[in-house]
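Following this note's numbering, the numbering of the sequence shown begins with 290 at its first residue and continues without gaps. For every residue, glycine included, the Cβ atom is placed at its ideal position computed from N, Cα and C. Shown next, in C-alpha cells, is the structure this report addresses.
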Amino acid sequence: MTDLDAFLSAFMTRAVGPGSLSGLSRLSGGANMESWAFDWAGGGYVLRRAPSADYMAGRPYGHADEAALVMAAHGAGVKAPEVVGVLADGDGMGTGYVMRRVIAEVNPAKILADPPPSLLADLGRELARIHAIPAGTIPAAIPLMDTAAALAELKARFLDYGGDRPVIALAIKWCEDHLPPPAEPVLVHGDYRMGNIMVDADGLSVVLDWELAHRGDAHEDLAFGCMAVWRFGRIDQPAFGVGSLEQYFAAYEAAGGVKVDRDRFHFWLVYRTLWWALGCLQMGQAWRSGADPTVERVVIGRRTAEQELDLLLLLEAEASADERDRPLPSPPVASPGPTGEPTNREMMQAVRDWLASDIKPVAEGHGKFQVAVAMNALGIVMRDLDAGARAEDRALADALLSGAVTLAQPGLLAELRRAVIDKCAVDSPKYASLAAARRQWGDAG
Numbered sequence: 290m291t292d293l294d295a296f297l298s299a300f301m302t303r304a305v306g307p308g309s310l311s312g313l314s315r316l317s318g319g320a321n322m323e324s325w326a327f328d329w330a331g332g333g334y335v336l337r338r339a340p341s342a343d344y345m346a347g348r349p350y351g352h353a354d355e356a357a358l359v360m361a362a363h364g365a366g367v368k369a370p371e372v373v374g375v376l377a378d379g380d381g382m383g384t385g386y387v388m389r390r391v392i393a394e395v396n397p398a399k400i401l402a403d404p405p406p407s408l409l410a411d412l413g414r415e416l417a418r419i420h421a422i423p424a425g426t427i428p429a430a431i432p433l434m435d436t437a438a439a440l441a442e443l444k445a446r447f448l449d450y451g452g453d454r455p456v457i458a459l460a461i462k463w464c465e466d467h468l469p470p471p472a473e474p475v476l477v478h479g480d481y482r483m484g485n486i487m488v489d490a491d492g493l494s495v496v497l498d499w500e501l502a503h504r505g506d507a508h509e510d511l512a513f514g515c516m517a518v519w520r521f522g523r524i525d526q527p528a529f530g531v532g533s534l535e536q537y538f539a540a541y542e543a544a545g546g547v548k549v550d551r552d553r554f555h556f557w558l559v560y561r562t563l564w565w566a567l568g569c570l571q572m573g574q575a576w577r578s579g580a581d582p583t584v585e586r587v588v589i590g591r592r593t594a595e596q597e598l599d600l601l602l603l604l605e606a607e608a609s610a611d612e613r614d615r616p617l618p619s620p621p622v623a624s625p626g627p628t629g630e631p632t633n634r635e636m637m638q639a640v641r642d643w644l645a646s647d648i649k650p651v652a653e654g655h656g657k658f659q660v661a662v663a664m665n666a667l668g669i670v671m672r673d674l675d676a677g678a679r680a681e682d683r684a685l686a687d688a689l690l691s692g693a694v695t696l697a698q699p700g701l702l703a704e705l706r707r708a709v710i711d712k713c714a715v716d717s718p719k720y721a722s723l724a725a726a727r728r729q730w731g732d733a734g
C-alpha cells in the first residue's frame, strides 16, 4: 500500500464511513491539479488535490473555499459535483477535496462527435443557473474581478515574459482601448468550456473545475467556451463547437441570464484569448523556474502560437478592406541540412520513433499520456529545426503596445498573418484555426 492509499483510506473512513479502497488511478490531463479516481464501500469517488504548496502559489483562495463554493453551487441546483469531504493539514495528502464520481463522458472529441440534441440548450441554462447563485452563499474569499486591473496585470506579465510578441501587444492595446464599463457582478465560473463538463445521453450531467471562479461580468463566462481553442476542431460551430451563438444566447437568456451584449461578448472573447496566450507562456515559466518540471508544462508553453493566430483572426477587422485583401508575403525558405553525420532533427526523430515503438505500447494510464506529450515535444523541436520560425519582435511589439503603430500601417497585417501562420505550423500544425486561417488568408500551406 502506498502512502496515498493509506492516507486516503484513513480520510474516507472519517468522511464517509468504513470501507475498503480499490481502483485508485490517476486520471489523465489536468493542467494544474491532480485528480485520482477510486472506489470506496461500493461507491465511486474522485480526489482532487494539489500535492504541494507550490501548486497553490499565487491563487486567491485555497481548496477549502473552492470546495465551499462547489457545495454552494450544488445546493443552488447547479449540476456541480457533490463534495463529501475536504482535506485537512493532518491528512498527509496536500490540499484538496473528495467528490462523488459521475459516470459520463468528458472527452471533448467524443462529445462533439455526437452531441446530445439538448447540449447547447443545457449549456446556456446551466450557465444562467451559475450566474444566479445567491451572493450570500458564495464564500467571502471568492474575489471580485476588476477588469481594468486584471488587464494591467496581464500587460505586466507580458512585459515580464519579454514583451516581444507583436500580436499579444496588439491585443493588449485593443483591450485597453475597448474596455467596457463595469457590469453588475455575478458568480463567474471562469473555466466554463468543453473539457470541464461531463455529458451523457440525456445531455449535460456535471460542471467540473471551479478553481478559477470569481465574481465579475457574466459575459466573461459566455465568451470563454466559445474561444476557438475550446471548440476542439469544430471551428464552424462558434458556441462550444456545438452550435450557433444565436442558439446559445437564446438558451441562456430564456433560463434567466442577462441579455447578451454582442460588443461586450466580443471584448471578452478577445480578452480571454489574450489571457490564455499569456497563460501558455506562464506554463513555460513554471517549468523554467522548477515549480513544475513536467514535459506537459513545456509543451503547453508552445501553444501560445495558437492563441496569437486566433487573436489576429478576432482583431483583423480593425484593418481596412485593402489591408485585409493584401496578399501574404512568401514564407521563408528553409536551408538544406548537412548530408554527413546525423542532424539534430534526425537525432530527435530517432528518439521519437523509439518512444512510439518501444515505450508507448507498454505505458499505461497517466504514463501513456506523458509519453504522448514527450513525442509531441520532440515533434515541435523537429519542425522548428526545419523552419526556424520565430515570433519575437520587441521593437514592433513596443510600437503596437504604445499605439505608435496600428493595423492601418500598409503591409503590417499581411506580415503578422505570415508570422502567426508560420509559428503555429511549427508549434501546433493540426490546430483547426490554422487550416481555417490559411483558407481565409490565401496561404497554400
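Pop quiz: residue i and residue j are said to be a contact at Cβ under 8 Å. What is the actual Cβ separation, rounded to whole angstroms?
i             : j           : result
valine 662    : valine 584  : 5 Å
valine 496    : valine 373  : Wrong, their Cβ atoms sit about 17 Å apart, outside the cutoff.
arginine 706  : leucine 601 : 6 Å
leucine 443   : leucine 567 : 6 Å
glutamate 595 : serine 722  : 7 Å
Which one or two residues does DSSP pair with residue i in a beta bridge?
i             : result
valine 372    : Met388
leucine 674   : DSSP, once it has assigned bridges, lists no residue as partnering leucine 674.
glycine 492   : Asp489
glutamate 394 : Val488
alanine 528   : Gly532
Going by DSSP, what residue range makes up the beta strand (DSSP E) through residue i?
i             : result
histidine 503 : 503–505
glycine 333   : 332–339
alanine 326   : 323–329
leucine 310   : 310–315
With DSSP run on the structure shown, which of helix, strand or coil describes residue i?
i              : result
tryptophan 643 : helix
isoleucine 427 : coil
methionine 483 : coil
leucine 602    : helix
leucine 433    : strand
leucine 416    : helix
glutamine 698  : coil
tryptophan 239 : It is not possible to answer for residue 239, since the shown part of the chain is limited to 290 through 734.
arginine 448   : Going by the sequence as given, residue 448 is leucine instead of arginine. Helix.
aspartate 292  : helix
arginine 615   : coil
histidine 655  : helix
histidine 508  : helix
methionine 382 : coil
lysine 649     : helix
glycine 629    : coil
arginine 679   : coil
aspartate 403  : coil
tyrosine 720   : coil
arginine 523   : coil
cysteine 515   : coil
tryptophan 472 : Per the sequence shown, residue 472 should be read as alanine rather than tryptophan. Coil at alanine 472, not helix or strand.
aspartate 581  : coil
Do you know how far the Cα of residue j is from the Cα of residue i?
i              : j             : result
methionine 382 : tyrosine 334  : 16 Å
valine 709     : arginine 389  : 43 Å
threonine 632  : histidine 655 : 32 Å
isoleucine 422 : alanine 543   : 17 Å
alanine 490    : aspartate 403 : 10 Å
glutamine 638  : serine 298    : 44 Å
histidine 555  : aspartate 675 : 37 Å
serine 533     : alanine 441   : 32 Å
aspartate 343  : alanine 580   : 7 Å
lysine 712     : alanine 724   : 13 Å
tyrosine 537   : leucine 685   : 38 Å
serine 341     : threonine 384 : 8 Å
lysine 657     : glutamine 526 : 31 Å
asparagine 396 : valine 488    : 9 Å
alanine 357    : leucine 316   : 23 Å
aspartate 354  : glycine 312   : 28 Å
Assuming residue i is part of the alpha helix (DSSP H), what are its boundary residues?
i             : result
leucine 774   : No answer is possible for residue 774: it lies beyond the span of the chain, which begins at 290 and ends at 734.
alanine 357   : 352–364
aspartate 453 : Note, aspartate 453: premise wrong, no alpha helix (DSSP H); not H, not E.
glutamate 585 : 584–590
arginine 348  : Note, arginine 348: premise wrong, no alpha helix (DSSP H); not H, not E.
glycine 568   : 551–578
aspartate 732 : Aspartate 732 -> no alpha helix (DSSP H), and no H or E assigned at all.
leucine 685   : 683–691
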